[in-house]
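Take a look at the structure below.
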Amino acid sequence: MGKLMRAAITKQKRFYIDKLLQTGLFHDSAALKQWTVSELRREYEQYGIRMKKRGE
Numbered sequence: 818m819g820k821l822m823r824a825a826i827t828k829q830k831r832f833y834i835d836k837l838l839q840t841g842l843f844h845d846s847a848a849l850k851q852w853t854v855s856e857l858r859r860e861y862e863q864y865g866i867r868m869k870k871r872g873e
C-alpha cells in the first residue's frame, strides 16, 4: 500500500507542477517540487479562479 500511495502522490504532484509551469507564472520546477500536494492544488485552483474572473 505504501508504494501505491507514494506513486499516486508523485503522479498528482507532477500533474500540478506541469500545469502551473504551463501558466507561465512559475519558471522553476525545483521550487515547486518542494511544495506539498495541497499547496500545489490550492495554487492551481486559484489560477483557475483568476482566469474565470478575467473571462479567459
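Just add 817 to the spot in the sequence shown (first one is 1) and you have the working numbering.
All C-beta atoms, glycine included, are put in the ideal place defined by N, C-alpha and C.
Within 10 angstroms of the Cβ of residue i, are there 16 or more other Cβ atoms? Answer buried if so, exposed if not.
| i | result |
| --- | --- |
| L842 | exposed |
| I834 | buried |
| Y821 | The identity of residue 821 in the sequence shown is Leu, whereas the question assumes Tyr. L821 should be labelled exposed. |
Which of the three DSSP states, helix, strand or coil, is assigned to residue i?
| i | result |
| --- | --- |
| D845 | coil |
| G872 | coil |
| T827 | helix |
Have a look at residue i and residue j and give me their C-alpha separation to the nearest angstrom.
| i | j | result |
| --- | --- | --- |
| T853 | M868 | 23 Å |
| T840 | Y864 | 8 Å |
| A824 | F832 | 12 Å |
| L849 | G872 | 27 Å |
| H844 | L838 | 6 Å |
| R858 | I826 | 12 Å |
| Q851 | E860 | 14 Å |
| K830 | E862 | 14 Å |
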